[in-house]
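Here the protein sequences line up with chains A and B, keeping their order.
Position in the first sequence counted from 1, then plus 18, gives you the working numbering.
Position in the second sequence counted from 1, then plus 1079, gives you the working numbering.
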Amino acid sequence: MSIREDHNRFRNIIKGRVKQDLRKFVSNGEMIGKRENEFVKIPLPSIDIPTFRYGPKQQGGVGQGQGEAGEGTGDGSGQGQAGDNTGEHLMEVELSVSELADILGEKLELPMIKPKGAQSIEAIKTKFTGLKTVGPDALRQTKQTYKSALRRALIAGNYDVEDPNIIPIRRDYRYRSFKKIPQPQTRAVVIYMMDVSGSMGDEQKEIVRIESFWINAWLRKHYKGLETRFIIHDAAAKEVDENTFFRTSESGGTLISSAYKLCQEIIEKDYPPHEWNIYPFHFSDGDNWSHEDTKICVDLLKNFFLNYVNVFSYGQVDSRYGSGQFLKDLQREFPIDDRLTLSRIENRDKILDSIKDFLGQGK
Amino acid sequence: MADLTPELEKERVKICKVAKEQGLDFFETVFEMVTYDQISQFAAYGGFPVRYPHWKFGMEYEHLSKSYEYGLSKIYEMVINTDPCYAYLMIGNSHMDQKLVMAHVYGHCDFFKNNFWFSKTNRKMMDQMANHATRVRRYMDLYGNDTVENFIDVCLSVENLIDRYGMYTDQQKTFIRTESKDIQKPHTPEELGLLKVNKSYMRDYINPPDFIESQKKKLQDKILEKRNKFPEEPVKDVLNFLIHYAPLEEWQQDLLSMIRDESCYFSPQGMTKTMNEGWASYWHSKIMTEKILNDSEIIDFADHHSGTMAIQPGGYNPYKIGIELFRDIEERWNKGQFGREWDECDDVNARKNWDLKSGKGKEKIFEVRARYNDVNFIDEFLSEDFCVRNKFFVYKFNQKTNRFEIDTRDFKAIKAKLLFHMTNFGQPIIRVENANYENKGELLLQHLYEGVDMQPDFMSQTLQNVFKLWNRPVHLATVMEEAPQIFSYDGKEFTTKKVVV
């Protein structure tokens, strides 16, 4: 079919292989768009051929529904225009976050995660599975017992409709039976650390937010009851809740080691490494206060983190003020080490690539 | 592709019969069963099996097939305005869905055949499109894929600059000069605008020689100005103008005119989107609920139908507005709620219980479907009662809160906004003002400003593409941030000039 030709051509343009000048019109759709009610938009790259048109924010439009003047219209991107498509008949379905994680996994070709400790810890779970004829009286099922008594009476022809008198005997008794199911337990904790010093702007934090949302979605798919912890740091580190994590803006110097130390404390206190899958993620703009501090971080990584965690991930968001030195230092210290993942996130469009860096190893 | 299954064919015959009994009148309609991949392909090609090669179809295909695979959207049907009509049903839809879609399709086909705005469309477009595809491929062989594709990109950038309402007048616009513009020729006193003189001895006092001289000068200037201006009258069909007058190679000219033909073919579908979908929905609902559905299917039908009619907050659903308006018209004409007496009646109670038992509803909706397009459909039949009943509002963007907000529920504002969006598809109206701007053969386009600015980045990109066609500096007069301006591109750089009014 000739559509294949056109499709390949389009893919090549999107990937920037041909026609570089068109690439500036590539829009990536929305990464996560609106997250309310679990409804999420998925990215489909497209190229807008320029035409004379009105700016979308200038126009406004006509909608239908409840609400007073001044209230938001919800989605807001209502279509006021008539398209010139032939009678197409489209319907929209909502996507849940876990379905999205699947799509993400497919799109980025992420390997399934192999949890560690799967064999080492087992929890026994008992589950009622059926009925049996022997058991403790406490588990006797009256209803089932009388049913089998009735069945026996019917077969034997003792059942009298006028005088229904059913007396269960020993072999009618039914008891609930249970099974012991050994369950391999996988427990995982993600510890997010973010640099909130003056040089991290709103855009950088937004990138961290989007990225950690996706990482969370993917890990959550693999671990039931994933725990998350959040640490922010400038010159000192503290643990915060999720909300604060994404909103705070502090100012001041940056001591990355402060966060690493706190992270180490948390792990030692709450998450014994042989029972837990531990995923520390650290995001910063790569500025550190001093060379000595970087040295401390490297030591911590060498002596503690890399021995105990599944993988330690460091994401460096480009910012106007950051020097980006930290990434270079780490690259120098750990040239090849698959327990440490490094990723540079230049801008919003690189988030997907970066997620692939982090999760692409299946560890 | 496959023919209908025997069960569906049986249903089709039944639905077709019911549709004809109801008065629908359509071309023969050929149904084909296709897979989701095929329907995505057809939809990407605008319904046609063969189109010229271009990446934009690949993009459309990716969007459609991806969103189907992710379960985001689903195309139930496609129907093409040709004679015979072709309609595609997707394999794997439920039996009830297929019946509904067939009823819906007959509604569309009736509309295509009988609506005035479709009267000029080429009903053999399928052949024409295939023909275009062959020609483009031949040009690609001759001049190289990239050269031709790049040129198509440029053409698509201006494909919307056609005169959507002008195609219905029979006179073919020619740009040939009509009157002679000789400045040497002696002018009559009327042309010069001299005052009338009855008494000959008064002549030199009423029209002194220097006054005559100055009038003459003025007239000559005017003629000169007009002589340098071409076309004399502004031209709305910018695309057609470019085809005739831009310095293009023959293959480029041919390509541009293909793009224009296809653009003109799709134009009436955009002009009647609300009516067309409303009409088809009206009929699928009527035919299905009155004649076709069996008891076990009613819930599925209701589910599907309400999904199609659903309105999202802030969204405009042409299916919903269309069907409601047609039903409203039918009810009003059945009850005689029209004409002078109705318009002049102010008594709320009397209006509410107004029923003259005129029974003209059906006749009226058939008349409406034959003569109207979305603009005058909304203009004439959207009533205040209807707006209140359907909870319409106007929304606009609030800079402070950075979101879209409900602005007003005022009837006039709603109607004005809807009509604005529908006229020319809610796209700016651009025309050729002067192709000899400043007497240098430069092209001046004029945007008929209606209070909304164009998007600046797209505007400058499009202007660059116009330059690629015209090959001389191009200018666009518009209003930006409340100031009239002329944007110019000379092949190297952009300049902006404020226009002093």
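C-beta: ideal position from N, C-alpha, C; glycine also.
Counted as a single uninterrupted DSSP element, the stretch harbouring G81 of chain A is not any alpha helix (DSSP H) but the beta strand (DSSP E) occupying residues 79 to 82. Following the DSSP letters along the chain, one finds D220 of chain A inside the alpha helix (DSSP H) bounded by residues 220 to 240. For E1111 of chain B, the secondary structure class from DSSP, reduced to helix, strand or coil, is strand. For V1097 of chain B, the enclosing alpha helix (DSSP H) has its first and last residue at 1085 to 1100. Ranked by how close their Cα comes to the Cα of V316 of chain A, the residues A:Y278, A:E293, A:V329, A:M218 have A:Y278 in first place. Judged by DSSP in its simplified three-state form, R1450 of chain B adopts helix.
Nearest Cα to F28 of chain A within the set B:A1123, B:Q1332, B:V1109: B:A1123. Rounded to whole angstroms, K368 of chain A and S361 of chain A show a C-alpha spacing of 10 Å.
Boundaries cannot be given for V179 of chain A, as no beta strand (DSSP E) includes it and DSSP labels it neither H nor E. Along the length of the segment 1189 to 1275 of chain B, whole alpha helix (DSSP H) runs at least 4 residues long occupy 1204 to 1222, 1224 to 1236, 1268 to 1271, reported in chain order. Between the C-alpha atoms of E1311 of chain B and N1513 of chain B there is a straight-line separation of about 8 Å. In chain order, A206, L237, R238 place their CB closer than 6 Å to the CB of L244 of chain A, counting only its own chain and leaving out the 5 sequence neighbours on each side. In the structure shown, F196 of chain A falls within a strand segment according to DSSP collapsed to helix, strand and coil. Rounded to the nearest whole angstrom, the C-alpha separation of V327 of chain A and H300 of chain A is 13 Å.
Going by C-alpha positions, M1354 of chain B is about 14 Å away from K1192 of chain B. Here W294 of chain A carries a strand assignment [DSSP, helix/strand/coil]. Short of 6 Å from the beta carbon of A255 of chain A, and not among the five residues preceding or following it, lie these beta carbons of its own chain, in chain order: I249, S276, A277, L280. In chain order, H1363, M1367, F1380, H1383 place their CB closer than 7 Å to the CB of L1179 of chain B, counting only its own chain and leaving out the 5 sequence neighbours on each side. Sequence-distant partners of G148 of chain A (beyond 5 residues in either direction) whose C-beta falls short of 6 Å from its own C-beta, in its chain, are S195.
The DSSP-derived three-state label of D1340 of chain B is helix. Taking 8 Å as the cut-off, the Cβ atoms of F1490 of chain B and E1463 of chain B count as close. Runs of the alpha helix (DSSP H) lying entirely within the segment 1501 to 1549 of chain B, each at least 4 residues long, are 1535 to 1549 in chain order. Each residue's CA atom was taken as its position, placing Y1395 of chain B and G81 of chain A some 5 Å apart.
The continuous stretches of beta strand (DSSP E) do not include Q1299 of chain B, which lies in the alpha helix (DSSP H) extending over residues 1288 to 1307.
Two segments are said to touch when three or more pairs of C-beta atoms, one from each, lie closer than 8 Å; by this definition the segment 1403 to 1411 of chain B does not touch the segment 1145 to 1159 of chain B. Fully enclosed beta strand (DSSP E) runs of no fewer than 3 residues occupy 1471 to 1477, 1482 to 1487 of the segment 1439 to 1496 of chain B, in order along the chain. Just so you know, the alpha carbons of N325 of chain A and E283 of chain A end up roughly 15 Å apart.
Residue burial is scored here from C-beta neighbours: P290 of chain A has fewer than 16 other C-beta atoms within 10 angstroms and is therefore classed as exposed. In the three-state reduction of the DSSP assignment, T69 of chain A falls in the coil class, being assigned neither a helical nor a strand state. Those residues of the segment 1462 to 1474 of chain B placed with their C-beta closer than 8 Å to a C-beta in chain A are N1469, K1470, F1471, F1472, V1473, Y1474, ordered along the chain. In the DSSP assignment, H1554 of chain B falls within the unbroken beta strand (DSSP E) covering 1553 to 1559. Between S64 of chain A and M1138 of chain B a beta carbon distance of about 6 Å is seen, short of the 8 Å cut, so the two are scored as contacting.
Within the same chain, Cβ atoms closer than 7 Å to the Cβ of Y191 of chain A are found at T151, R158, T163, the five residues on either side in sequence being excluded.
In this chain, the alpha helix (DSSP H) harbouring L318 of chain A covers 309 to 318.
In the same chain as Y1528 of chain B, and ignoring 5 residues on each side of it, the C-beta atoms closer than 7 Å to its own belong to T1557, V1558, in chain order.
Residues L273, I274, S275 of the same chain have their beta carbon placed closer than 7 Å to that of D311 of chain A, with the five preceding and five following residues left out of the count.
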